[in-house]
Every structure is written in C-alpha cells, then in structure tokens.
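**Q** Numbering (this note's numbering), first residue to last: 23 to 183. Glycine residues also receive a C-beta, built at the ideal position from the N, C-alpha and C atoms. Quantities reported herein were computed from a predicted structural model and do not represent experimental measurements.
(1) In this structure, how does DSSP classify residue 26 when only helix, strand and coil are distinguished?
(2) Using 8 Å for Cβ pairs, my map puts residue 141 next to residue 174. What's the rounded Cβ distance?
(3) So residue 129 and residue 76 are in contact, right, with Cβ under 8 Å, and what is the actual spacing, rounded?
(4) When you compare each of 44, 56, 101 and 51 to residue 73 by their alpha carbons, which one comes out closest?
(5) Closest by CA to residue 135, which one among 151, 154, 104 and 167?
(6) Taking residue 78 as the reference, which of 146, 154, 151 and 93 has the closest Cα?
(7) Using the three-state DSSP reduction, which class does residue 114 fall into: helix, strand or coil?
(8) Rounded to whole angstroms, what's the CA-CA distance from residue 98 to residue 71? Just pull it up for me.
(9) Would you say residue 179 and residue 69 are within 8 Å of each other, going by their C-beta atoms?
(10) Starting from residue 175, follow the alpha helix (DSSP H) in both directions and report where the run begins and ends.
(11) Taking 7 Å as the limit between beta carbons, can you name the residues of its chain near residue 86, skipping five residues before and five after?
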C-alpha cells in the first residue's frame with residue numbers, strides 16, 4: 023500500500039486533533055471524579071455529625087425529663103464549617119442542601135438557647151428574681167427547636183449516602 027505524503031500529513035493532523043480532544047476530556051473527567059469523591063467524603067462527615075447530634079438530642083431530652091440542665095452542646099463547627107467553606111457541597115442535591123442548612127440553623131439556635139439556660143442555672147444569672155421562669159422558657163425554646171430538628175436530622179441521615 024502506497025500512501026502519499028499529503029495523506030500522511032492529514033493522518034498526522036487528525037491524530038493530533040484526537041490527542042488534544044482526548045487530553046481535554048481526560049482532564050475534565052478526572053476533575054469531575056475528584057469533585058464527586060470530595061463531595062461523598064463531605065456528606066459522609068455530615069452524616070456522622072448528624073448521627074451524633076441525634077444521640078445528643080436524646081440525651082438532652084432525658085436530662086430535661088430528669089429536671090437536669092444538660093451542659094453539652096450539639097455538634098456544629100466541625101464538619102459543617104469544613105464542608106461549607108471548602109466548596110465541597112457542589113455535588114449535593116439542592117433539597118438535601120436546604121435541609122442541611124435548615125438543620126444547622128436549628129442546631130445553632132438550640133446551642134445559643136442552651137448557653138442562656140446555663141447562665142440562668144449557675145452563677146449570677148441563677149440569683150435573678152425571675153430565674154426559674156426564664157429557665158423554663160429557655161427549656162421550652164430548646165425543646166421546640168429539638169422537636170423541629172430531630173425529624174430533619176433523621177431524614178438527612180437516611181438520605182445521605
């Protein structure tokens with residue numbers, strides 16, 4: 023078989039185009055796979071944190087039932103801060119992302135109310151004249167937040183892979 027030099031130049035040009043397209047597509051696929059892996063790791067961290075918070079919610083409910091003041095806050099800063107500031111949530115569905123944001127808002131709200139409750143339970147705050155009523159009000163705020171939070175966390179734990 024005799025191929026002319028013009029045909030060889032065309033074949034070399036076609037090969038160069040195929041290599042360039044393949045190289046671009048390879049890099050895009052590799053970046054997409056890395057982003058997906060990072061997203062899966064991020065959601066795994068969030069799932070662990072949500073599971074831990076469900077346990078903390080049960081402990082808080084038990085403490086309130088025993089007329090005790092729980093000291094431990096819900097977990098908020100570890101996984102959520104890493105994941106949300108690192109841009110790792112790009113691969114997460116919008117509905118799941120909304121539920122995560124809503125849950126972490128409720129966690130933050132509950133923790134703030136928990137701090138106020140502790141202030142009313144010990145030290146100068148406990149000496150205030152209306153401290154018992156204010157303490158009960160804080161417990162109600164926390165309980166209401168936990169009532170909203172618990173089903174959301176349970177759903178997220180079931181939803182996140």
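**A** Let me lay it out:
(1) The answer is coil: DSSP assigns residue 26 none of H, G, I, E or B.
(2) Contact doesn't hold; Cβ gap of about 27 Å is too wide.
(3) Residue 129 to residue 76, Cβ: 11 Å. No contact.
(4) Nearest of 44, 56, 101 and 51 to residue 73, Cα basis: 101.
(5) When only C-alpha atoms are compared, the closest one is 167.
(6) If we check each option's Cα against that of residue 78, 93 comes out closest.
(7) If DSSP states are grouped into helix, strand and coil, residue 114 belongs with coil.
(8) Computed Cα separation, rounded: 8 Å.
(9) Residue 69 is positioned such that its CB atom lies closer than 8 Å to that of residue 179.
(10) For residue 175, the uninterrupted alpha helix (DSSP H) run begins and ends at 153-181, by DSSP.
(11) Same-chain partners within the cutoff: 161 and 165.
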